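Numbering (the working numbering), first residue to last: 74 to 399. To keep things clear, I will list the structure first and then write my remarks on it.
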């Protein structure tokens, strides 16, 4: 597995998004299977694990902590705070970036993961009621105290990123990015590259849509969050599936899977780009790892660009877009 750099932080060329093991995409498989996926990732060079306190809530961090027990030196752990979780473990629907909440959040994450430090600590969403300078100031203190090594942001707007970077070095920005979510190309990528910030695309496979495995809503569990995602609903689903057909055509020509083409496309966008595809199954993790070796020609890239121009997907990325790009 090749190594890439997010600012000064060295990580595997792809990471492993752990959210879906216990949150959002229907009831996860048994904990042992999820743990085996994490261990397999570490054994095969994928050392960058992504979780968050809100996944579960709390359950996902605990799962990651158990899976890496005894292997802390083998892994780069990224987790997040900000989507407020109450003391009894319920999502409140609020975003909280206050210093007091950051303190409480980081202590909880350290305990659940079973570690003395977090490698990359993201502000999951920007709190509109707390100045970003105040939030970053507290995170900077945590770096000085050794509780976190690097600071990240997620779904932040360019001006917010610039303001945050005046307080402390930002190592990585995490934002949705894939063949059907190319919005960051407009301003985000230019901004973070100017500031020396690495880019961590989440949902690089379009929340699984670009794999071609989801052919109707019937393929999703009854409690799967994607059933309420605008891109998966009504006429949008059929329209968006036209993109999958085009990716499938190129994949067939190369003898690979459409999801692998989608992931290879993200990887070729720059050496400062580290996607974090998620999976619950080792066979799909193997496919993702193999995608790092796929070479796309200039002609391939042009075909994909024409098939998936900016704005190609029909429907918003979330049912409520009010918490992104702040």
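For every residue, glycine included, the Cβ atom is placed at its ideal position computed from N, Cα and C. In this text, all values refer to a predicted model and were calculated from it rather than measured experimentally.
Under a Cβ-count criterion, where at least 16 other Cβ atoms within 10 Å of its own Cβ denotes burial, should residue i be classed as buried or exposed?
| i | result |
| --- | --- |
| residue 164 | exposed |
| residue 226 | buried |
| residue 93 | buried |
| residue 331 | buried |
| residue 76 | exposed |
| residue 43 | This structure cannot speak to residue 43, because the chain is shown only from 74 to 399. |
| residue 266 | exposed |
| residue 300 | exposed |
| residue 105 | exposed |
| residue 217 | exposed |
| residue 390 | buried |
| residue 249 | buried |
| residue 144 | exposed |
| residue 384 | exposed |
| residue 47 | The shown model of the chain, from 74 to 399, leaves out residue 47, and the question about it has no answer. |
| residue 232 | exposed |
| residue 204 | exposed |
| residue 254 | buried |
| residue 259 | exposed |
Short of 6 Å in beta carbon distance, which residues of its chain neighbour residue i, apart from the five on each side in sequence? Order them along the chain.
| i | result |
| --- | --- |
| residue 139 | none |
| residue 281 | 287 |
| residue 153 | 125, 195 and 197 |
| residue 212 | 224 |
| residue 187 | 138 |
For a test of the three-state rule: what should DSSP assign to residue i, helix, strand or coil?
| i | result |
| --- | --- |
| residue 251 | strand |
| residue 263 | helix |
| residue 292 | helix |
| residue 190 | coil |
| residue 96 | coil |
| residue 361 | helix |
| residue 273 | strand |
| residue 287 | coil |
| residue 166 | strand |
| residue 316 | helix |
| residue 133 | helix |
| residue 340 | helix |
| residue 325 | helix |
| residue 212 | helix |
| residue 297 | strand |
| residue 395 | coil |
| residue 303 | helix |
| residue 332 | helix |
| residue 174 | helix |
| residue 202 | coil |
| residue 278 | coil |
| residue 115 | helix |
| residue 369 | coil |
| residue 141 | coil |
| residue 389 | coil |
| residue 181 | helix |
| residue 382 | coil |
| residue 230 | coil |
| residue 220 | coil |
| residue 240 | coil |
Using C-beta distances below 8 Å, list every residue in its chain close to residue i, excluding the 5 sequence neighbours before and after it, in chain order.
| i | result |
| --- | --- |
| residue 108 | 136, 139 and 140 |
| residue 374 | 338 and 341 |
| residue 191 | 150, 151, 152, 179, 182, 183, 220, 221 and 222 |
| residue 133 | 91, 92, 94, 95, 96, 124 and 125 |
| residue 201 | 168 and 399 |
| residue 54 | In this structure the chain extends from 74 to 399, so residue 54 is not present and cannot be described. |
| residue 333 | 324, 360, 361, 363, 364 and 367 |
| residue 69 | No statement about residue 69 is possible, as the shown extent of the chain runs from 74 to 399 and does not include it. |
| residue 86 | 74, 75, 76, 77, 340, 347 and 365 |
Which same chain residues end up closer than 7 Å to residue i when comparing Cβ atoms and leaving out the 5 residues on each side of it in sequence?
| i | result |
| --- | --- |
| residue 147 | 115 and 120 |
| residue 156 | 127, 164, 168, 197 and 198 |
| residue 336 | 277, 278, 348, 350, 361 and 364 |
| residue 230 | 398 and 399 |
| residue 321 | 285 and 331 |
| residue 329 | 367 |
| residue 309 | 303, 387 and 388 |
Taking DSSP's pairing of strands, which residues face residue i in a bridge?
| i | result |
| --- | --- |
| residue 83 | 78 |
| residue 158 | 164 |
| residue 245 | 225 and 271 |
| residue 346 | 272 |
| residue 151 | 123 and 193 |
| residue 351 | 90 |
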